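Residue 3 is where the sequence shown starts when you use the numbering used here, and the numbers rise one by one after that.
We put the beta carbon where it would ideally sit given N, CA and C, even for glycine.
Only a predicted model underlies this, so the values are computations on that prediction, with no experimental measurement involved.
A short write-up of the structure that comes next.
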Amino acid sequence: MFRFLLFISLFLSKLFVFSQGKEVQGSYRGAYYSIKDFGSSNQIWTGTQGPDGTVLFGNDQEILGFNGVKWTKIPTNLKLDSPTEKKVHKTKVSKLLTASDGTVYVGRENNFGYLAFDALGKMVYTPLHVDTGDRVGQIWSMFEDETQTIWVIGKNSIFTIGPKKKVTELKMPNKLATYTCKTAGKTATGIVLIYSAEQAEKKRLYGFVNFNTRQFEWIQINEAEKPTNIRGFATTGNQTLLFDYSKNVFQIDHTKTLRKLAESHPLQHFFSEHQPSVVKQYKNQLYVGTETQGVFLIDLNGKILRRFDLDEGMQNNNVFDLFLDQSNNLWLNLDEGIHFFETSSPITTIGKPQGITASVQAIDFESGEPILALNTDLFLAKNTGGRTQFYNSESIQETTFDVKTVVIDQQKRTLVIGYEGIYEYVAGKKKNVVREYAWTIFQNPIQKNQIFVGLEAGIGLLTWKNNAWDYTLLPIEIEGDIIHFTSDGTHLYFGIKGKGLGIITLKNLHYKQLNFPKKLDQNSHVYAEVFQNRVYVGSNYGLFILNTNHASFTAFPRVNNTQFSEKKEIQVHRLYNDQEQKLWLVYYIEKSKDEFEIETGWFSHSNNTWSWNQGALKTIQNGGILFAIQRYKPNEIWLGSDNGLYLLNEYAQQQLPKKFAVVIDGLWLNRRPALHHVHRATAFSAIDYSQNAVDFSFYAATFQTGGSMQYRYRLKGFTDEWSEWSTNTRVNFPKLFEGNYTFEVQAQSAFGFEGTTARFSFQILPPWYRTWWMYLIYIGLLIVLILVINRLSIQRVKRLNTRLEKIVRERTHEIAAQNEQLEAQKTEISQKSKDIVDSINYAKRIQNTILPSADEIRSIGMQPLVFFQPKDIVSGDFYWIQRQENSIYFSVIDCTGHGVPGALVSIVGYNGLMRMLTEKRLPFPNEILDGLREIVVDSFHGKGQNDLKDGMDLSLCRLDLDSKILYFSGAYNGCIVIRAGELIELKADKQPIGQFENAFPFTLQQFAVQANDTIYLFTDGYVDQFGGEKGKKLKSTGFKALLLQASELPIDEQHALFSSFFTHWKGNLEQVDDVCILGVRISE
């Protein structure tokens, strides 16, 4: 079930891999460039790499440059006179040589020179010698000796280029007058030269130029062993090998004795079968280019290590020249175009061109040769002529899911899981074992003759006994596919699809299933692997660690700021224990509902610290689904995917250069080119403000991962923030302000290595109207303007002074008269104010006459507390006490407003109370309040729209001295009785004395008082006073607490408490209203 899921394919860009293996080799990543790319003649005669990382090529017309981003054509130095430039321009470029000091020397037809940078940083060709005749001819050979002298071999001449590019021509023997140099080869002490007669090409002379003496010498050679056309040379010990177009290898020693290698020599044997067009030595290996067979990589014993030809992606096999760049990548100069192989890459591939046509499900090396389990059959490898091919064994003839070779009774047995059963692969054929739908097999580490079989829903057990396989099902219930086993030697661990982890104790086959705490997707495989004595389990929720008690899981720790556990977007696909040194992990990252990426890498664990690495595997991100990971050799890992094999050479990965240069190769001002290579330019000054739109182009001086790079940049002085990584190699900064700037750019290869930071500093000048000299002019003009304005102002002030003096005299007279008038008005106002204040003070005396004194209150049989503090001179609050027969009436009244208006209203209230008590003789407080309301409403009732809404709030009590009954009614203001520390509140009616829309009769309340009870009536002035630390109102709660505190004091001491508390509470704030508190203590 669900087997079709294994056939899902992802897009995989073609990659080429490196393998150090003797038998198996993968293919390198490559690229082909033609006339469509560089726009010039397609025949490429020579090539090299310049010091700035640019690769250079010569064709029939021009010198071409390529930096991994763009192609350029190198012009000739325009300082030459016109006839000479015409002579040089468009001549064939047959030799490019990079000297040890980084200078690139150029050999062309009848001229030679070097590449340099002009004042604007543009690379140009500068000729050192131009032949007006034909003695120089086409230059095919240029060499550098140990003294850094460059030797140029012409048709009928030899030149040296010494210090300061000084050219010296060597004197040639007269005997060579009718001969031309056919070819040359370098030895340790000089140059071997072959000359052919112009009229008879087979007539040859052999010469030698000594580096030290610079003298020409003749070489005597056996007529039967004469070289004809040297295509390369190699140094080994004290001898030099010369490789000839005639398929012969010649040896020359320090005595200048030239002899052909014996036919039995393995190197001669190789060249006798492969005619060289070019031979280059790199360390102890030779790259041999041919005209029809591509390129061979061989060692100095003639053994073929690798081959590059049409099957490796080359467009043609005719190789004119070749070279390795600074990263050891191979560049081939072809009869038609240029081919690049990334031979520095530690990753190579084996895919369809090598015979692998389906997904690689499993890899086995234990049989002694690589065996691959593919979706079509088992595949085997063969290696011929430096190339690896895989072929279908046609043994199983169905889809294979797993292959493993086990050793039982000292015999190797290869078991295969096929689509319809389990087979044994024997001598190229299959042998049926059992028909079962299975996924994987695993040898019992305790009982080697037992093989566990992972099924679609269960576990089978193969046992080798009596020279036959016996098959049984383990009696355990498992609901889910099992695709992988692992073991720590005591237990067998396996993931159960959609469930969790299965654990079998190997000693007694006891089974335990441990499900994940979170429900897994039913299609999610679970993968387990033992690594350094711990069990790691991967699912569609990430990576987890099995706790040692086998009862629960722990999330894998965060590593390198990357979380691998409990994240839905990370789904583990494969785990692999690599010799207890690395824990390999293949997982998906969900980017969106329909988009995901595949990443592969490994964890290292030491000193309780985890580290996550991907290395060169970054280049195969999203390269396909990986099904199998196996180590082949000490430095080689094989990864099987749905598009073939990846081979990772760890030694080559360690040799990758971690740093590389980044070059800023272009500066544009207002979209027009200003500089080329900015660090090579000499003619550059500050930028005019009118050209403040600045562009930069840049590239990385390396061809790692085929030149696939990401860049980030910043412009200091504009921003200190780096840009996001991108593949853009040009950036624009429009409309920069004047100031100093530094442009910085970094590059990062697909391997994750970062290049050195390239920097370029420049200055943008201010516009003319913001220059320092203009500011001086501005200051001078301002000073002149100030002086002129000052002079004009002085004249104007003088005229105004004269006029003002006259006006002042007139105004002084008028002001004197007005002052006299104002003084009289002030006196009048002061007198009136005094009269008003005197009137109000008299009103206060009048008001005081209606307020009973303490003695008067005591005379009617009460122990009084009166705290009366008006806001102004007169008050709108007042208290009233009267005795009628054996009852005492007492009240606290709060009239509308305060000051004079409140005092006027208080007279109405006082008279009203007296009338109700003395004239109408109303006995109860509620009746008195009803009558008082009629009086107040009638008193303030007008005849128009200006009826007054004034009135009063009050609390009125009648204390019957005989019955000790307190009768109470109130208009908004209540009554509080405190008895033995208990506060009893008598509520008032929620209506005033005055006009009220929904007026109703006042209610009467009765309360039996006891001795020592204290009765308090009060207005709202005390409660509403702002104060305290926060400047807020005291409010009812705080006031009641104060009443409780006061009730514990003798009645005559309470006034001091209320006064001090009020003063302290109010502080510096203004009193907001009149305050009145009346307290009565019931005597015994």
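Alpha carbon of K945 to alpha carbon of I875, nearest angstrom
Low confidence applies to K945: its pLDDT is 44, below 50, so where it sits in the model is not reliable, and the reading given next is rough at best. Approximately 32 angstroms, taken between the alpha carbons.
H815, buried or exposed, once every other Cβ within 10 Å from all chains shown has been counted against 16
Burial call: exposed.
Give every residue of the same chain whose Cβ lies closer than 6 angstroms to the Cβ of K188, excluding the five residues on either side of it in the sequence, and list them in chain order.
Closer than 6 angstroms at the Cβ level, and outside the excluded window around K188, lie F145, F235.
Segment limits, alpha helix (DSSP H) that includes Q656
Segment 652-657, the alpha helix (DSSP H) holding Q656.
Output yes or no for whether 7 angstroms exceeds the beta carbon distance between Y969 and F926.
By the CB criterion at 7 angstroms, Y969 and F926 fall inside the cutoff.
Out of E597, K593, W612, which has the shortest C-alpha to C-alpha gap to L585?
Out of E597, K593, W612, W612 has the C-alpha closest to the C-alpha of L585.
Can you look up S329 in the DSSP assignment and give me helix, strand or coil?
Looking at S329 - three-state DSSP - the assignment turns out to be coil, as it is neither helix nor strand.
Hey, quick one: how far does the alpha helix (DSSP H) through K29 stretch, first residue to last?
Checking the displayed sequence, the identity of residue 29 turns out to be Ser instead of Lys. S29 -> no alpha helix (DSSP H), and no H or E assigned at all.
The beta strand (DSSP E) enclosing K992, as first and last residue numbers:
Taken as a continuous stretch (DSSP letters only), K992 belongs to no beta strand (DSSP E), as it is neither H nor E.
Tell me whether H1066 is buried or exposed, calling it buried when 16 or more other Cβ atoms sit within 10 Å of its Cβ.
Classification of H1066: exposed, given that the 10 Å Cβ count is below 16.
Here's the rule: buried if 16 or more other CB atoms are within 10 angstroms of the residue's CB, otherwise exposed. What is G23?
Low confidence applies here, because G23 scores a pLDDT of 38, under 50, leaving its location unreliable and the question unanswered by this model.
Is the beta carbon of K218 sitting closer than 7 angstroms to the one on K258?
Looking at the sequence itself, residue 218 is Phe, so the reference to Lys does not match. Going by C-beta atoms, F218 is not nearer than 7 angstroms to K258.
Pairwise C-alpha distance: N821 and K992:
In this structure, the straight-line span from the alpha carbon of K992 to that of N821 is close to 58 angstroms.
Best match in Q140, G357, K595, W640 for proximity to T602 [C-alpha to C-alpha]:
Restricting attention to Q140, G357, K595, W640, the CA atom closest to the CA of T602 is found in W640.
Simplified DSSP state of V106, which is helix, strand or coil:
In this structure, V106 counts as strand in the three-state DSSP scheme.
Just verifying my parser: in three-state terms, what is the DSSP assignment at W727?
The three-state secondary structure of W727, taken from DSSP, is coil.
In angstroms, rounded to a whole number, what distance separates the CA positions of L789 and D690?
Roughly 35 angstroms between the two C-alpha positions.
The beta strand (DSSP E) that contains S941, what's its start and end?
From DSSP, S941 is part of no beta strand (DSSP E) but of the alpha helix (DSSP H) over 927-941.
Should Q657 go down as buried or exposed, given a rule of 16 or more other Cβ atoms within 10 Å for buried?
Result: exposed.
Take I300 as the anchor and find which of T100, H276, N318, V1074 has the nearest alpha-carbon.
Among T100, H276, N318, V1074, the Cα nearest to that of I300 belongs to H276.
Roughly how many angstroms separate the alpha carbons of I498 and V455, rounded to a whole number?
I498 and V455 have their C-alpha atoms spaced approximately 13 angstroms apart.
Leaving out five residues on either side along the sequence, give the residues of the same chain with a beta carbon under 6 angstroms from the beta carbon of S11.
Confidence in S11 is poor, its pLDDT being 32 and thus under 50, which makes the residue's placement unreliable; the coordinate value appears in the next sentence. Excluding positions up to five away in sequence, the list reads D644.
Whole angstroms is fine: what's the gap from T185's alpha carbon to T230's?
For the pair T185 and T230, the Cα-to-Cα distance works out to about 8 angstroms.
Of all the options G540, V1011, A440, which has the alpha carbon lying nearest to the alpha carbon of L475?
The shortest C-alpha to C-alpha distance from L475 to any of G540, V1011, A440 is the one to A440.
First and last residue of the alpha helix (DSSP H) that includes S1061?
In the DSSP assignment, S1061 falls within the alpha helix (DSSP H) that extends over 1056-1068.
Boundaries (first-last residue) of the beta strand (DSSP E) holding E265:
Premise fails: E265 is in no beta strand (DSSP E) and is neither H nor E.
Going by other Cβ atoms of all chains shown within 10 Å of its Cβ, with 16 needed for buried, is I766 buried or exposed?
Result: buried.
Beta strand (DSSP E) segments (min. 3 residues) lying fully within the segment 448-522
Fully enclosed beta strand (DSSP E) runs of 3 or longer: 452-457, 461-467, 470-475, 487-489, 493-498, 502-507, 512-517.
Kindly list the residues whose CB is nearer than 8 angstroms to the CB of L178, restricted to its own chain and excluding five residues on each side of it in sequence; keep chain order.
Once the five neighbours on either side are set aside, the close Cβ partners of L178 are N158, Y197, L207, G209.
Residue interval of the beta strand (DSSP E) (run including N319):
Element bounds for N319: n/a, residue is neither H nor E.
Helix, strand or coil for V1074? Go by DSSP, reduced to three states.
Three-state DSSP puts V1074 in coil, outside helix and strand.
Thinking just about the alpha-carbon of each residue, which of I809, Y421, S1062 is nearest to the one in N434?
When each option's Cα is compared against that of N434, the closest is Y421.
Please name the residue, chosen from E726, T744, V733, I365, that lies closest to Q750 on a Cα-to-Cα basis.
It is E726.
Give me, in chain order, the residues of the same chain whose beta-carbon lies closer than 8 angstroms to that of S1038; leave out the 5 immediate sequence neighbours on both sides.
Contacts found: V1025.
Do the segment 792-811 and the segment 694-702 meet, that is, are 3 or more Cβ pairs less than 8 angstroms apart?
The segment 792-811 and the segment 694-702 do not touch, with fewer than 3 CB-CB distances between them shorter than 8 angstroms.
How about F252 and L260: do their beta carbons lie closer than 7 angstroms?
Result yes, Cβ atoms of F252 and L260 sit closer than 7 angstroms.
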